[in-house]
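Numbering (our numbering), first residue to last: 1395 to 1780.
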Ligand SMILES: Cc1cc2nc3c(=O)[nH]c(=O)nc-3n(C[C@H](O)[C@H](O)[C@H](O)COP(=O)(O)OP(=O)(O)OC[C@H]3O[C@@H](n4cnc5c(N)ncnc54)[C@H](O)[C@@H]3O)c2cc1C
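This is the structure we're talking about:
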């Protein structure tokens, strides 16, 4: 085994043990109450699992993306949900890649220890949607501060975060050559801004995802909150997208494997008409097909991660891995639902909850159509559709 293979095997064991401490019952209760899984997140944090990607010099484990991906995959495979905390693993990448040395020293060690939660990522807005360069939140420089006005939507975990990576327009659209210019990224200290220009409103959703709307009303932040150069923010946000897609795809692979195991076990146990239902090809084949799809998608996730770690372009592979992984997980969810028949909809089997949770990944963090459009344009050279 290579060093990483051994590390991955150990980390998978660790994750499995944590997940065993937080079984379906725990998640069902949180889901019912739409409550944040604080205890689960604390357990992952204390074991250093969420700081895997932070370099050692800033207090993390300095592991490569593929290992972070295996951690998230294992969380989902063993029945947990990393949606509550995956941002703690990768949102820091914006600071790491584009922040000043002073910002890195100020924030990364605290994030690595878990004392500082960087879980909120404020990009999406209600009117712009996927058309990110069309956002209307503005940050205007005033002496040593920026004054922020506008609104974000779907800012997940904002109520459980100390810091937010925020994208805002700093130069009006009509004063830049390309719409992707004039946008800037800020690291906002929410401990200073909530109730002082920043208002967070939870959105109740079909899944327990702690997502919110965030309003900015003359919110003042120090000019030192700016990450990198003013006006270059869109580039910084895009530079993190491939890693995010690979990590989310890994969660989908974990979900797919969870559904397949659940379906396979039940198909072997449940006897109807005097034989296991899994003996019927109408039950067996959809599970086998989902298995084939999930494992094929997993190879694409591995390939994307390998290219990413080698510093090679991986936009197409990262996008395809998220597309295939989210769809294969959904097919596994369907097969599992059908295998369980009526019991699939009973809360106590966790299938209906996982079914709801896994559907999200065809929409967020990027929807399937936008991935297809990326592949059509960038890989296949067809005309841009928007
Ligand atoms: C639970 C949840 C959590 C989220 N967390 C965060 C977060 O923490 N931070 C954050 O910034 N955002 C977050 N998001 C936002 C998420 O990234 C967006 O919902 C997603 O990118 C889709 O954008 P939209 O919802 O505005 O859809 P829209 O852009 O309005 O699109 C609607 C539909 O139209 C399709 N469409 C749009 N344009 C085209 C086109 N040109 N060609 C073909 N089809 C098109 C899309 O594919 C989609 O299916 C979250 C969303 C959800 C639901």
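For each residue, glycine too, the CB sits at the ideal point set by N, CA and C.
(message) Taking the alpha carbon of residue 1557 as the reference point, which residue from 1577, 1709, 1486 has its own alpha carbon closest?
(response) 1486
(message) Can you determine whether any heavy atom of ligand 1 sits closer than 7 Å to the C-beta of residue 1515, and answer yes or no?
(response) yes
(request) Check whether the Cβ of residue 1764 lies closer than 7 Å to any heavy atom of ligand 1, and answer yes or no. (result) Checking every heavy atom of ligand 1 against the Cβ of residue 1764, one is found closer than 7 Å.
(message) Does the beta-carbon of residue 1754, which I'm using as the reference point, lie nearer than 7 Å to any heavy atom of ligand 1?
(response) yes
(message) Considering Cα atoms alone, identify which of 1695, 1664, 1727 is closest to residue 1685.
(response) 1727
(request) Just tell me which of 1703, 1688, 1639 has its CA closest to the CA of residue 1336. (result) Nothing about residue 1336 can be read from this structure; the chain reaches only from 1395 to 1780.
(message) For residue 1479 and residue 1668, what's the separation of their Cα atoms in angstroms?
(response) The straight-line gap from Cα to Cα measures roughly 45 Å.
(message) Rounding to the nearest angstrom, what Cα-Cα distance links residue 1653 and residue 1697 in this structure?
(response) 23 Å
(request) Please confirm whether any heavy atom of ligand 1 lies closer than 7 Å to the CB of residue 1642. (result) no
(request) Verify the contact flag: residue 1548, CB atom, against every heavy atom of ligand 1, threshold strictly below 7 Å. (result) Yes, Cβ of residue 1548 sits closer than 7 Å to a heavy atom of ligand 1.
(request) Tell me, please, whether the segment 1599–1619 touches the segment 1538–1546 by the rule of three or more beta-carbon pairs shorter than 8 Å. (result) At 8 Å Cβ cutoff, the stretches touch.
(request) With a 10 Å radius around its C-beta and 16 neighbouring C-beta atoms as the bar for buried, classify residue 1407 as buried or exposed. (result) By the 10 Å Cβ count, residue 1407 comes out exposed.
(message) Less than 8 Å between the C-beta atoms of residue 1489 and residue 1642, yes or no?
(response) no
(request) Measure the alpha-carbon distance for residue 1565 versus residue 1536 and round it to whole angstroms. (result) In this structure, the straight-line span from the alpha carbon of residue 1565 to that of residue 1536 is close to 14 Å.
(message) Please identify the residue among 1648, 1679, 1418 whose C-alpha is closest to the C-alpha of residue 1781.
(response) With the chain covering only 1395 through 1780, there is no way to say anything about residue 1781.
(request) Between the Cα of residue 1512 and those of 1493, 1551, 1757, 1547, spot the shortest distance and give me the residue it belongs to. (result) For the residues 1493, 1551, 1757, 1547, the minimum Cα distance to residue 1512 belongs to 1551.
(request) Select from 1681, 1586, 1633, 1767 the residue whose C-alpha is nearest the C-alpha of residue 1656. (result) 1681
(request) Throw me the rounded Cβ distance for the residue 1468 and residue 1409 pair, which I believe falls under 8 Å. (result) 4 Å
(message) Taking 7 Å as the cut-off, is the beta-carbon of residue 1544 closer than that to any non-hydrogen atom of ligand 1?
(response) no
(message) Can you tell me whether residue 1523 sits near ligand 1, meaning its C-beta is under 7 Å from at least one heavy atom of the ligand?
(response) yes
(message) Taking DSSP's pairing of strands, which residues face residue 1393 in a bridge?
(response) Given that the chain is displayed from residue 1395 to residue 1780, the structure contains no residue 1393 and the question cannot be resolved.
(request) Could you round the C-beta distance between residue 1553 and residue 1593 to whole angstroms and report it? I think they count as a contact, below 8 Å. (result) With 8 Å as the limit, residue 1553 and residue 1593 do not qualify as a contact, their Cβ atoms being about 11 Å apart.
(message) At the level of alpha carbons, what is the spacing between residue 1471 and residue 1766?
(response) 27 Å
(message) Is residue 1431 close to ligand 3? I mean its beta-carbon at under 7 Å from any heavy atom of the ligand.
(response) This structure lacks ligand 3; the ligands present are ligand 1.
(message) Between residue 1594 and ligand 1, is there a pair consisting of the residue's CB and a ligand heavy atom that are separated by less than 7 Å?
(response) no
(request) Give the straight-line distance between the Cα atoms of residue 1676 and residue 1661, rounded to the nearest whole angstrom. (result) Between residue 1676 and residue 1661, the C-alpha separation is close to 11 Å.
(request) Grab me the residues of residue 1430's own chain with a C-beta within less than 7 Å of its C-beta, minus the 5 sequence neighbours each way, in chain order. (result) 1478, 1554, 1604
(request) Could you spell out the range, first to last residue, of the alpha helix (DSSP H) harbouring residue 1512? (result) Residue 1512 -> not in any alpha helix (DSSP H); beta strand (DSSP E) instead, spanning 1512–1516.
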